[in-house]
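See below for the structure under consideration.
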């Protein structure tokens, strides 16, 4: 490490309390996403509640611990907390607190929001951010702080704000680029040596029998050389297990979220990335959440490439790879084939995330397939079973993917391709993969909605 970098580090090193003194009334403050959310600086900022007015926090997929700015200001007198994609914790916080809100974004475009706020403010609604506070790896010998698991829009945020605070955590894996996976000490205003808290891990859910049936219906769409985008949950895990036991070869990875299933596929020799047109031989991602095994696998691994979200999620970039198989889970699909992947009525469950980006990117990919999967039913706490294929969404529910973009829909009862279909054909196909107990009701609804032909048949 050069003497200049060491001196810069010493000059900028301070306590969390000293660092957050730079936050002023009316500031919009970016917190790191996922495991990048600050811990010490969050506590120190919350302690300034009595001194501040109107401070707005923006984060994404809020992971435990609960942000201290919310614990110390539950009435929202000073701090307003905005989350770009709800986690289970975000949902609980919004239900209990008046100052927690969902912030819809087009994930592939979110880095442009910073440029627009600076250069063309009429184009973007959110005011320019004034501060960015992020957990990152300790500085390396070249003067860089690696972002570890959360590249996303971190670099762009930190280079477009006046106050740039790095809170170091030695437990973050160093994730090689890619692009925009690190920031230099010269671009940072404050360095806080963190308490090195353990990273939040997400357990790998055991696939249910329904998950396995859905995965089995997806498998025929995956062929040698496919570039696979998986998320987290029972169905992706089931797909990973099935691929591992299959004869598939030379699969690729281009995904917003890197999860444990990819480690299994890489170690089993199924995922080489050698058929990709870009980032050949590498698993390209923009953030990761999973187990310690995943985090250890990613550390200084040249097979893993950390990229900013504008690259990973841009549909044009996604489509540069052939045979992209995008697999996304949904909460509901209506008979028009609209997809709701984020809310139940007025209750925000998750968010649109990068679903739109990968649906469109795989749609444009040569030989690509966009797959929306969901169980056919949902059982409420009182034991009532409801169909997830519905005539129309209930008031307040969000259309995440419009019907004209929907390609393939899969339940445990089968898979149907809707690309280019008429309304009556979509209704017939969707009813054919609905739970049998609800098909007659759905046919009656389709007739009332005038999307049912007299000759329609359900096999």
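In this note's numbering, the protein residues as written are 56 to 514.
Note that the Cβ used here is the ideal one computed from N, Cα and C, for glycine as well.
N-terminal and C-terminal residue of the alpha helix (DSSP H) that residue 111 is part of: If you look at residue 111, you'll find it isn't in any alpha helix (DSSP H); it sits in the beta strand (DSSP E) that goes 110-114.
Cβ contact check for the stretch 384-391 and the stretch 334-342: 3 or more pairs under 8 Å: Touching, no, given that fewer than three Cβ pairs across the two stretches are closer than 8 Å.
Beta-carbon separation (whole angstroms), residue 289 vs residue 266, contact threshold 8 Å: Residue 289 to residue 266, Cβ: 4 Å. Contact.
Sequence-distant residues of the same chain with beta carbon closer than 7 Å to residue 395, five excluded per side: So the list reads 385, 386, 387, 448, 452, 453, 454 and 455, once near-sequence residues are dropped.
Entirely enclosed alpha helix (DSSP H) segments - the stretch 243-294, minimum 4 residues: Taking 4 residues as the shortest admissible run, the stretch 243-294 contains the following complete alpha helix (DSSP H) segments, listed from N- to C-terminal end: 264-273.
Of the listed residues 191, 318 and 296, nearest to residue 245 (C-alpha basis): Closest option to residue 245, Cα to Cα, is 191.
Supposed close pair residue 133, residue 107 - CB separation, criterion 8 Å: 5 Å between Cβ atoms; contact.
Contact between the stretch 366-377 and the stretch 114-133 (3+ Cβ pairs under 8 Å): With a cut-off of 8 Å, the stretch 114-133 and the stretch 366-377 do not count as touching, because too few Cβ pairs lie within range.
Beta-carbon proximity of residue 156 to residue 114, cut-off 8 Å: Taking 8 Å as the cut-off, the Cβ atoms of residue 156 and residue 114 do not count as close.
Three-way DSSP call (helix, strand, coil) for residue 342 in this model: In the structure shown, residue 342 adopts extended strand secondary structure according to DSSP, grouped into three states.
Coil, strand or helix - residue 461 by DSSP: Looking at residue 461 - three-state DSSP - the assignment turns out to be coil, as it is neither helix nor strand.
CB contact flag (residue 230, residue 204, <8 Å): Yes, these two residues count as a Cβ contact at 8 Å.
Cβ-based neighbour list, residue 345, same chain, cut-off 6 Å, excluding 5 preceding and 5 following: Residues of the same chain with a CB within less than 6 Å of the CB of residue 345, apart from the 5 flanking positions on each side, are 257, 314 and 315 in chain order.
Closest by C-alpha distance to residue 178, when choosing among 404, 167 and 184: Selected option, being the one with the closest Cα: 167.
C-alpha distance - residue 119 paired with residue 144, whole-angstrom precision: For residue 119 and residue 144, the distance between alpha carbons rounds to 7 Å.
Beta strand (DSSP E) segments (min. 3 residues) lying fully within the stretch 436-485: Listed in chain order, the beta strand (DSSP E) elements of length 3 or more contained wholly in the stretch 436-485 are 440-442, 463-466 and 469-472.
C-beta contact flag for residue 247 and residue 117 at 8 Å: The answer is no: Cβ separation not under 8 Å.
Per DSSP, cross-strand counterpart(s) of residue 515: Given a span of 56 to 514 for the chain in the structure shown, any question on residue 515 remains unanswerable.
Beta-carbon proximity check, residue 241 vs residue 460, cutoff 8 Å: Contact: no.
Distance between residue 468 and residue 199 (C-alpha atoms, nearest Å): For the pair residue 199 and residue 468, the Cα-to-Cα distance works out to about 51 Å.
Length of the line joining the Cα atoms of residue 169 and residue 159: Rounded to the nearest angstrom, the two C-alpha atoms are 15 Å apart.
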